[in-house]
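Residue numbers (the numbering used here): 3 to 356. Quick notes on the structure that follows.
Okay, structure coming up:
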């Protein structure tokens, strides 16, 4: 197999190795490092990176990586898995999306060894980890007080990336162009196929999102030949694929009462929420209406809103709504904690209370 070296450490075949990538020190001169967990099989295969907490407050991915590394299926791995539980270690320590320099790490690629803290960290992560890989999965959540239905964002115009996204089997695949300075942009420019998994809310564990994330990564590893095919006879779930989405915003300020949950199918004109005057001076509530047919893939959970605030993220969808609804319901049934009460794969991971 090809030699693999990270931060001067050779990764031997057939072993698990932990590498500490040095990043900028703290004010106290304390050394800080980004941990890379490497698992190399004994046979040739793809090299996959799985990264979490590029935004330091998006912690669902940290738990996904922890469970992934304990998964029994990895005993049969081909190629190499590079798992990075916490990329933005500074943000993670401070419960912050950003780095201490105020920059977004996921807008700082490719970075530079002579740049800001964000640019230096981006440069290190890119050159030591990402560019050594053939595939990648980057784990994210919604912002604070805003949750996302488990979904994959990817360039589905690329056939290989689309097949990889479909193998993950999230409820929704949203075609998403890459953004300037993002990890996905720079990786795609180097012909590295990358999926972005969005699920849950910042600073909150979401058990369904976590379990779906672990399952999806294992599915992708099977798809690209890193793991043997599944022996399960269950019918494979299909994802809803869409190329457009829209945010529905508050038309007035006040107290929000949401009427539809994540994963709900809505039609144009449906009432999604009501906004009330907390002082009771206005007898009529302002109605928030769906602007398109589709599925709610993101929503705010903060009931206090200003006019113009983003409230519901709707993925536009006009195909077979009944079939799509069945797929979303099947997803929920599969990943609700009760569904794992007899599962060997999850015996060591009791459900996290919501």
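Where is the CB? At the ideal position from N, CA and C, for every residue including glycine. On a predicted model such as this, the values are computed, not experimentally measured, just so you know.
Only counting the same chain, and skipping five residues up and downstream in sequence, which positions put a Cβ closer than 8 angstroms to that of residue i?
i	result
residue 137	48, 49, 50, 51, 166, 194, 195, 196, 222, 226
residue 345	Unreliable positioning characterises residue 345 in this predicted model, as indicated by a pLDDT of 49, which lies under 50. The coordinate reading is nonetheless provided below. Result list for residue 345: empty, nothing under 8 angstroms.
residue 272	262, 291, 292
residue 326	242, 267, 297, 319
residue 23	8, 9, 35, 36, 37, 38, 126, 127, 130, 131
residue 159	177
Sort the options by Cα distance to residue i and report the nearest one.
i	options	result
residue 44	68, 64, 5, 24	5
residue 336	319, 325, 155, 211	211
residue 12	38, 102, 214, 33	38
residue 25	124, 70, 41	124
residue 95	28, 150, 334	28
residue 237	110, 169, 186	169
residue 110	265, 103, 121	121
residue 139	70, 149, 104, 119	70
residue 143	62, 301, 313, 35	62
residue 16	31, 64, 30, 77	77
residue 118	180, 135, 100, 134	100
residue 40	79, 32, 30	79
residue 185	334, 141, 230	141
residue 265	276, 334, 286, 284	334
residue 1	190, 276, 32	Nothing can be reported for residue 1, as the shown portion of the chain is limited to 3 through 356.
If you follow the beta strand (DSSP E) that residue i is in, where does it begin and where does it stop?
i	result
residue 163	From DSSP, residue 163 is part of no beta strand (DSSP E) but of the alpha helix (DSSP H) over 161 to 170.
residue 154	148 to 156
residue 82	82 to 86
residue 296	296 to 302
residue 242	242 to 244
residue 36	34 to 42
residue 250	247 to 251
residue 312	312 to 318
residue 145	Premise fails: residue 145 is in no beta strand (DSSP E) and is neither H nor E.
residue 186	Premise fails: residue 186 lies in the alpha helix (DSSP H), 185 to 191, not in any beta strand (DSSP E).
residue 51	49 to 54
residue 19	18 to 25
residue 15	Per DSSP, residue 15 belongs to no beta strand (DSSP E) and is neither H nor E.
At which residues does the alpha helix (DSSP H) containing residue i begin and terminate?
i	result
residue 328	323 to 337
residue 95	91 to 95
residue 119	119 to 130
residue 70	62 to 71
Apart from the five residues just before and just after residue i, which ones in its own chain have a Cβ nearer than 6 angstroms to its Cβ?
i	result
residue 354	207, 209
residue 104	none
residue 338	none
residue 249	312, 315
residue 14	none
residue 214	152, 337
residue 148	302
residue 164	158
Return the chain-ordered list of same chain residues with a C-beta closer than 7 angstroms to the C-beta of residue i, the five sequence neighbours on each side being excluded.
i	result
residue 67	52, 54, 85, 87
residue 98	58, 59
residue 150	143, 144, 200, 201, 202, 299, 300
residue 317	174, 176, 244, 247, 296, 297, 299
residue 91	25, 34, 36
residue 112	124, 125, 128, 188
residue 155	176, 178, 198, 200
residue 192	133
residue 64	54, 55, 87, 88
Any heavy atom of the ligand FMN closer than 7 angstroms to the CB of residue i?
i	result
residue 195	This structure does not include the ligand FMN; it has no bound ligands of any sort.
**Q.** Three CB pairs or more closer than 8 angstroms across the stretch 200 to 210 and the stretch 243 to 261
**A.** Result no; under three Cβ-Cβ pairs closer than 8 angstroms.
Q.
Does the contact criterion of 3 or more C-beta pairs under 8 angstroms hold for the stretch 312 to 332 versus the stretch 172 to 184?
A. By the criterion of at least three beta-carbon pairs nearer than 8 angstroms, the stretch 312 to 332 is in contact with the stretch 172 to 184.
Q: Tell me, please, whether the stretch 301 to 310 touches the stretch 256 to 276 by the rule of three or more beta-carbon pairs shorter than 8 angstroms.
A: Yes, they touch.
Q.
With three or more C-beta pairs closer than 8 angstroms as the rule, is the stretch 277 to 284 touching the stretch 230 to 250?
A. As far as the Cβ criterion goes, the stretch 230 to 250 does not touch the stretch 277 to 284, which means the pair count is below three.
**Q.** Contiguous beta strand (DSSP E) assignments of at least 3 residues, all confined to the stretch 203 to 289
**A.** As for any beta strand (DSSP E) of minimum length 3 sitting wholly inside the stretch 203 to 289, the runs are 242 to 244, 247 to 251, 256 to 260, 273 to 278, ordered along the chain.
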